[in-house]
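When you line the sequence shown up against our numbering, it's residues 239 to 558, in that order.
Every residue, glycine too, gets a C-beta built ideally from N, C-alpha and C.
The next block holds one structure in the form of structure tokens; read it before the comments.
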Amino acid sequence: MTTETASSLPAPQEPEKTGAPREAKSPRALAWTRRRHSAARFWREYRTHRAGLVGLVALVLIALAAVFAPLLVGADAQSVTQAPGEAMQSPSGEFPLGTDQFGRDLLALLVWGARISLTVGLLAAFLSVAIGTVVGITAGHFRGWYATVIMRVTDWFLVMPTLVLAIALASVMDRSVWTVILAIGVTTWPTTARLVRAQTLAVESRPYIERAQALGGGHGHIMARHVLPNVMPLVLAQTTLVISSAILTEATLAFLGLGDPTVVSWGGLLQDAREAGAVSAGDWWYLAPPGIAIALVALAFTLCGRAVESVLNPRLGVSR
């Protein structure tokens, strides 16, 4: 081909750009995207469980009442010296749930008591689940003599009555909210430890764990990056179930006089009603509201826990 012929040919055109180049996402951005999609998928599945939605709405309403208690019922509702009514009044228009032995509004005390009961239940449950998760993962990962010793300790806690251990621990420590949280947390973890250990054994039998070990992954890397994310759905479902039992245990300890006497809780209200002779006098308005509140919150957390467990493990087939 001559030079003139080559120069007469049209020059090759570059392909038109249809748009700006798409930037590659960082691994952290991809991880957050996956988490958002997982959360959206979880919420879509959770909304199909009517019982779980009822429990969630009830918990949100109770939590809002507890958070805004100073605005709803006043900051002086717990004061004994500034009681607005007479002692042991029956329900009326001024006091819908009556008054206690000091003349305080029982409805206001019930709202204030939600703060302590929910706080103790949540913190004690988180402490219990955290201990059980650590024990279960380490026992399932290391095995050998460590797993044997730690699981025999777990079995000892399982066969011992949880309430008796909590009472013994709370009776030898100062009477405070933190004592109750510690007493419940360190005595209710064995069930979580057993469940997490079984899940850990199942996860570590998968091939990608062997590949991670062959590539030089240490114990901490395998437990934190591979085992923990796989047992977290189980831990989350277990947490919602443990909270209800923690609230019941807190109410029992407060009813037995082992709670903090300076704060108002639902179990403390029941204990005050017993001391005031409400049982023998037939003052039902002093006994029924705290007991009903404890039962409703425990039921709400149980409904939420069953819904969460059904979403995370559809094979359970929990009714909707």
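What residues match up with V271 in a beta bridge as DSSP calls it?
Your numbering for residue 271 matches position 33 in the sequence shown. Note that residue 271 is Thr in the sequence shown, not Val. DSSP, once it has assigned bridges, lists no residue as partnering T271.
Closest by CA to V480, which one among F340, Q451, L365 and L344?
Numbered from its first residue, the sequence shown carries residue 480 at position 242. Looking at the Cα atoms, L365 is the closest of the given residues.
Confirm, please, whether the CB-CB distance from P527 to L508 is below 7 Å.
Locating residue 508 in the sequence shown gives position 270, counting from the first residue. Locating residue 527 in the sequence shown gives position 289, counting from the first residue. Not a contact, by the Cβ cut-off of 7 Å.
Please report the straight-line C-alpha distance between P445 and G312, rounded to a whole angstrom.
The residue labelled residue 445 in the question sits at position 207 within the sequence shown. The residue labelled residue 312 in the question sits at position 74 within the sequence shown. Taking the straight line joining both Cα atoms gives about 60 Å.
Between which residues of its own chain and T425 is the CB-CB distance below 6 Å, once the five residues before and five after are set aside?
What you label residue 425 is simply residue 187 of the sequence shown in a count that begins at 1. Within the same chain, T425 has close Cβ partners T400, L403 and A404.
In three-state DSSP terms, what is T337?
The count along the sequence shown starts at 1 and reaches residue 337 at position 99. Strand at T337.
Pop quiz: V358 and I300 are said to be a contact at Cβ under 8 Å. What is the actual Cβ separation, rounded to whole angstroms?
Here the question's residue 358 lines up with position 120 in the sequence shown. Here the question's residue 300 lines up with position 62 in the sequence shown. With a Cβ gap of about 14 Å, V358 and I300 do not count as contacting.
Along the chain, where does the alpha helix (DSSP H) that runs through H457 open and close?
In the sequence shown, the residue the question calls residue 457 occupies position 219. Unbroken alpha helix (DSSP H) run through H457: H457 to I460.
Can you find the residues in the same chain that come closer than 7 Å, C-beta to C-beta, to A475, ignoring five residues on each side of it along the sequence?
Reading the sequence shown from its first residue, position 237 is the one you call residue 475. Once the five neighbours on either side are set aside, the close Cβ partners of A475 are G543, V546, E547 and L550.
DSSP three-state call for D498: helix, strand or coil?
Along the sequence shown, read from residue 1 onward, the residue named residue 498 stands at position 260. In this structure, D498 counts as coil in the three-state DSSP scheme.
DSSP three-state label for D314, please.
Looking up residue 314 in the sequence shown gives position 76. Coil at D314, not helix or strand.
Cutting at 8 Å between CB atoms, please list the residues of its own chain near R279, excluding the five before and the five after it.
Here residue 279 refers to the residue found at position 41 of the sequence shown. Cβ neighbours of R279 beyond the five flanking positions: none.
Give me the DSSP bridge partner(s) of D521.
Against the sequence shown, residue 521 aligns to sequence position 283. Beta-bridge pairing links D521 to no other residue.
With three or more C-beta pairs closer than 8 Å as the rule, is the region 322–333 touching the region 284–302?
no
Can you say whether D521 is buried or exposed, counting buried as having 16 or more other CB atoms within 10 angstroms of its CB?
As a first step, residue 521 is located in the sequence shown; it is residue number 283 there, counting from the start. Classification of D521: buried, given that the 10 Å Cβ count is 16 or more.
Which class does D393 belong to by DSSP, given the choice of helix, strand or coil?
Position 155 of the sequence shown, counted from the start, is the residue given in the question as residue 393. D393: helix per DSSP, three-state reduction.
With distances taken Cα to Cα, identify the nearest neighbour of S414 among G506, R285, A363 and A377.
Position 176 of the sequence shown, counting from 1, holds the residue named residue 414. Closest option to S414, Cα to Cα, is G506.
Can you list, in chain order, the residues of its chain whose CB lies under 6 Å from that of E254, leaving out five sequence neighbours each side?
In the sequence shown, residue 254 corresponds to position 16, counting from 1. For E254, the predicted structure reports a pLDDT of 49, less than 50, and the residue's modelled location is therefore unreliable. A value from the coordinates is still provided. Once the five neighbours on either side are set aside, E254 has no close Cβ partner at all.
Decide if G351 is buried, meaning its Cβ has at least 16 other Cβ atoms within 10 Å, or exposed.
By 1-based counting over the sequence shown, the position of residue 351 is 113. Answer is buried; the Cβ neighbour count reaches 16.
Quick one: Cα of E448 to Cα of L466, how far?
Taking the first residue of the sequence shown as position 1, residue 448 is located at position 210. Taking the first residue of the sequence shown as position 1, residue 466 is located at position 228. Their backbone Cα atoms lie some 16 Å apart in a straight line.
Which stretch, first to last residue, makes up the alpha helix (DSSP H) that contains Q451?
The residue you call residue 451 lines up with position 213 of the sequence shown. If you look at Q451, you'll find it in the alpha helix (DSSP H) that goes P445 to A452.
Could you name the residues of the same chain whose beta carbon sits closer than 6 Å to that of T243, not counting the 5 residues immediately before and after it, in chain order?
The sequence position of residue 243 within the sequence shown is 5, counting from 1. With a pLDDT of only 46 at T243, under the threshold of 50, the placement of this residue in the model should not be trusted; the figure read from the coordinates follows. So the list is empty, once near-sequence residues are dropped.
Give a yes or no on whether the C-beta atoms belonging to A408 and S482 are separated by under 7 Å.
The sequence position of residue 408 within the sequence shown is 170, counting from 1. The sequence position of residue 482 within the sequence shown is 244, counting from 1. Against a cut-off of 7 Å, the Cβ pair of S482 and A408 comes out as no contact.
Is V549 helix, strand or coil when you go by DSSP?
Position 311 of the sequence shown, counted from the first residue, corresponds to residue 549. Helix, per DSSP.
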